[in-house]
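Student:
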Amino acid sequence: MATGERPHAVMIPYPAQGHITPMMKLAKLLHARGFHVTFVNNEFNHRRLLRSQSADALRGLPAFQFAAIADGLPPSDREATQDIAELCYSTMTTCLPRFKELIVKLNEEVETSGGALPPVTCVVADSTMSFALAAARELGLRCATLWTASACGFMSYCHYKDLLDRGLFPLKEEAQLSNGYLDTIIDWIPSMPKDLRLRDLPSFVRTTDPDDIMFNFFVHETAAMSQASGVVINTWDELDAPLLDAMSKLLPPVYTVGPLHLTVRNNVSKESPLADIGSNLWKEQDAPLRWLDGQPPHSVLYVNFGSITVMSKEHLLEFAWGLANTGYAFLWNVRPDLVKGDDEAALPPEFFAATEGRSMLSTWCPQEKVLEHEAVGLFLTHSGWNSSLEGICGGVPMVCWPFFAEQQTNCRYKCTEWGIGMEIGEDVRRTEVEAMIREAMAGAKGREMRRRVQELRDSALASARRGRRPPATGEEDEGRAQYRPGFLGRRSDKSEWGSAWAGDEPEWVAAGVVGGVTNTGICSSSHPCLAPRSMLSMPCPWTPCGSLQRSLAMFPAGLHGLLCHAHADGHGAAGHTGGELRLRTDLSPTSPPQPALPLFSDEPTGLLLPRWIRWSIQATAPRFISLGGSGRRRGDQARHRLLRRASDLAVPETSGSRDVLGDHGDERVAGEVRRDCLCLLPIPK
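Converting from the sequence shown to the working numbering requires adding 514 to each position, the first position being numbered 1.
#1: Using the Cα positions of Tyr927 and Arg964, report the straight-line distance between them to the nearest angstrom.
#2: Do Leu830 and Ser566 have their C-beta atoms within less than 8 Å of each other?
#3: How far does the beta strand (DSSP E) with Gly656 in it reach, from first residue to last?
#4: For a test of the three-state rule: what should DSSP assign to Glu519, helix, strand or coil?
#5: Label Ala919 either buried or exposed according to how many other C-beta atoms from any shown protein chain fall within 10 Å of its C-beta, with 16 as the threshold for buried.
#6: For the 8 Å Cβ check, are there 3 or more pairs between the stretch 555-565 and the stretch 576-586?
#7: If I measure Cβ to Cβ from Gly935 and keep anything under 6 Å in the same chain, skipping five residues before and after, which residues do I get?
#8: Compute the distance between the beta-carbons of Trp899 and Asn730, then report whether it is under 8 Å.
#9: How far does the beta strand (DSSP E) with Glu888 in it extend, from its first residue to its last?
#10: Quick check: the Cα distance between Asp701 and Gln968, rounded to an integer number of angstroms?
#11: In terms of alpha-carbon separation, which member of Arg872, Asp941 and Trp878 lies closest to Pro850?
#12: Distance, Cα to Cα, Trp846 vs Ser813?
#13: I need the straight-line Cα distance from Lys784 to Leu885, nearest angstrom please.
#14: Roughly how many angstroms lie between the CA atoms of Thr895 and Tyr816, to the nearest whole one?
#15: What's the call for Thr517, buried or exposed, on a 16-neighbour Cβ count within 10 Å?
#16: Please go through the same chain and pick out, in chain order, the residues whose beta-carbon is closer than 6 Å to the beta-carbon of Ala541, but skip the five residues on each side of it.
#17: Taking all protein chains shown into account, decide if Ser1105 is buried (16 or more other Cβ within 10 angstroms of its Cβ) or exposed.
#18: Rounded to a whole number of angstroms, what is the C-alpha to C-alpha distance between Gly792 and Ala689?
#19: Report the option in Phe578, Arg562, Glu937 and Leu563 whose CA atom is closest to the CA atom of Gly548.
#20: For Ala834, which residues in the same chain have their Cβ closer than 6 Å to its Cβ, ignoring the five residues on either side in sequence?
#21: Assign Val1027 to one of two classes, buried (16 or more other C-beta atoms within 10 Å of its C-beta) or exposed (fewer than that).
#22: In the DSSP assignment, find the alpha helix (DSSP H) that holds Trp899 and state where it starts and stops.
#23: Judging by CA-CA distance, which residue of Lys827, Ala958 and Arg872 is the nearest neighbour of Asp941?
#24: Taking its Cβ as the centre, do 16 or more other Cβ atoms sit within 10 Å of Lys539, making it buried, or is it exposed?
#25: Roughly how many angstroms separate the alpha carbons of Ser1161 and Phe683, rounded to a whole number?
#26: His829 lies in the alpha helix (DSSP H); which residues open and close that run?
#27: Is it true that the CB of Leu660 sits closer than 8 Å to the CB of Ser641?
#28: Do you know offhand how far Lys854's Cα is from Thr823's?
#29: Could you give the distance in angstroms between the alpha-carbon of Leu564 and the alpha-carbon of Pro529?
#30: For Asn781, which three-state DSSP category applies?
#31: Over what stretch of residues does the beta strand (DSSP E) that includes Asn621 continue unbroken?
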């Protein structure tokens, strides 16, 4: 970058309202700090913004411009949120070439812009848009990711694989949704409560489908975050300190910038043209604010279930009559697509008659301003992270009805860990709605919730004034991991972290690492098929597998390596011979290999299988090195191992390398790595 030239950040959110909003706020912060910003939406949402914000708003400003790429989905209802599962799959499989093409085009325009457009210097992507990481790497750019959800949500998602390993996912039958199975205690996720229940984890675990798109999507996307130059998260230290410490041990440098809407307010003047750039996909209505101006302090219940939640008509009516029966005034944000299968979320005339003079309905309102209005005394919410933060920062206690994703986890933290909320059951009943609102508005528990949320509000305001949290470094905490993009990390025998790209020089690291990264995940899982410990992978695309009985195990041309796979019916390993990778189901060197399998199959997307780089062990002592542990798959009781005694490898003490295949199944060392050394050798293509 030339001296005095603005850095140019290309920023791309996941194409949903709850992701666009925080990315836009981060974009405004970067622009205020001197960045040229190109903000990229999918074409569907770009058209929606044109309708809700006007064409003038999307013309941008000097050094702030908008762009759009196709998302690969067919046209749909122009005012409704796109199907989330279809959108996740489509962005993951179709957007990489389109995003790369956009960056290349932006750089080509530099020459003809007369100095108005600087070359692209970095990418800032939503953490669930990992194709942007791949694009940046292929174009030689640094890429940071923005995790728009909660810290507790991230820690839950990144341990999804462990649910698979422990036989907790998928559900064995639909009855487990209601027979108490979801109350199973999950006490092994670092930094999270020891009485956490399965029902408190993100909702995509609630399926009998082992190939569930959303479950596997989040396994893949959270794993890919390890390849970023840094991770930005919308929270602050005092709220999430233990979770942030745990994240810092798993990820590149983690920066807290939250609450983002307060941070923007402290850094972007109201008079700045930036303040006029909106990100709402629905047109905001101002009438609710005028209505609130006429209400007494803390007298109004505000109801908003976010931009994605849908409900049955029966649930809509139960909420409506529960609200009506409280006698309190309420402001209710009712999207036209709130009811499943209906063109309009219609309420009966009797409801309007019963609530006349104390109800206000809108389709979309300026929520930050509403929650900061002194008339609002309670927030009935779906527990999305943006709404949760805005409720906290407004000092408003919450009644929660989580819908999907990590909203269940957010609800758990608000109701139990932070003491600022109450939860309505999934099967909504008007009597429960009425009783809970009355208690939250005027009862003893409601008063305690209000006191606690005011404390968190004060903490949030103080954090926004101070600014961001610096990333963790080895000097700060002996137990934290140091990260150097593109290279193996070097810290101590307590903690090692990093990544290796094709063409890097081999580097020796201590085998006493506490985790590792593969192209499919963070190595906290004990299952060798998904996450062997102390091993790192070449960056490569997501590799789907439709069955546990076989691995989709063909390497890209010219890439050598080792794939570790445990079959559901016993031990197994795969060895690289010639130009392809072949599976073996036993350990005898005389056994014939199975036929090579194609990289992709016609079966439904399922497990994420790693493709490993070649690696070696320096035989410094005859001790065990554990490369994996044990686990169960789909009810399978077999114990899967991939262990190797260093002295068995016959590797010279100071140098040399050898591909390792083996399964010793030693129970004593499952899941732990001793002080021997491990060498990771990236093999150039």
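The C-beta atom is built at its ideal place from N, Cα and C for all residues, glycine as well. What you are looking at is a predicted structure, and each value in this text was computed from that prediction instead of being measured.
Tutor: So, from the listed chains and residues:
#1: Cα to Cα, the separation comes out at about 16 Å.
#2: At the C-beta level, Leu830 and Ser566 stay beyond 8 Å of one another.
#3: The identity of residue 656 in the sequence shown is Arg, whereas the question assumes Gly. From DSSP, the beta strand (DSSP E) with Arg656 extends over Arg656 to Trp661.
#4: Here Glu519 sits in coil by DSSP.
#5: Counting every other CB atom within 10 Å of its CB across the protein chains shown gives Ala919 a total of 16 or more, marking it as buried.
#6: Touching, yes, given that three or more Cβ pairs across the two stretches are closer than 8 Å.
#7: Within the same chain, and ignoring the five residues on either side of Gly935 in sequence, the residues whose Cβ sits closer than 6 Å to its Cβ are Met912, Cys914, Lys928 and Cys929.
#8: Contact: no.
#9: Segment: none, Glu888 is in no beta strand (DSSP E) and carries neither H nor E.
#10: Cα atoms of Asp701 and Gln968: separation of roughly 30 Å, rounded to the nearest angstrom.
#11: Nearest C-alpha to Pro850 among Arg872, Asp941 and Trp878: Trp878.
#12: If you take the alpha carbons of Trp846 and Ser813, they lie about 14 Å apart.
#13: Cα to Cα, Lys784 sits roughly 19 Å from Leu885.
#14: C-alpha separation (whole angstroms): 8 Å.
#15: Low per-residue confidence applies at Thr517: pLDDT is 44, beneath 50, and the placement is therefore not dependable, though the value from the model is reported in the following sentence. Around the Cβ of Thr517, a 10 Å sphere holds fewer than 16 other Cβ atoms; the residue is exposed.
#16: Cβ neighbours of Ala541 beyond the five flanking positions: Met525, Val551 and Phe553.
#17: Unreliable placement is indicated for Ser1105, whose pLDDT of 37 sits below 50; no coordinate value is reported for it.
#18: Using only the alpha carbons, I get a separation of about 45 Å.
#19: In terms of Cα proximity to Gly548, the closest of Phe578, Arg562, Glu937 and Leu563 is Phe578.
#20: Counting only Cβ-Cβ distances below 6 Å, and skipping sequence neighbours, we find Leu861 and Phe865.
#21: Confidence at Val1027 is low in this model, with a pLDDT of 29, below 50, so the placement of that residue should be treated as unreliable; the coordinate-derived value is given next. Counting other Cβ atoms within 10 Å of its Cβ, Val1027 reaches 16 or more and is therefore classed as buried.
#22: Start and end: Trp899 to Cys907.
#23: Looking at Lys827, Ala958 and Arg872, the one whose alpha-carbon comes closest to that of Asp941 is Lys827.
#24: Flag for Lys539 reads buried.
#25: Residue placement at Ser1161 is flagged as unreliable, the pLDDT there being 29, under the threshold of 50; the coordinate-derived value follows with that caveat. So the alpha carbons of these two residues sit roughly 37 Å apart.
#26: Annotation: the continuous alpha helix (DSSP H) that includes His829 extends over Lys827 to Thr840.
#27: The answer is yes: Cβ separation under 8 Å.
#28: In this model, Lys854 and Thr823 are separated by some 9 Å (Cα to Cα).
#29: Pairing Leu564 with Pro529, the inter-Cα distance amounts to about 15 Å.
#30: Of the three classes helix, strand and coil, the one that applies to Asn781 here is helix, per DSSP.
#31: First-last for Asn621: Ile598 to Glu622, but that is the alpha helix (DSSP H), not the beta strand (DSSP E).
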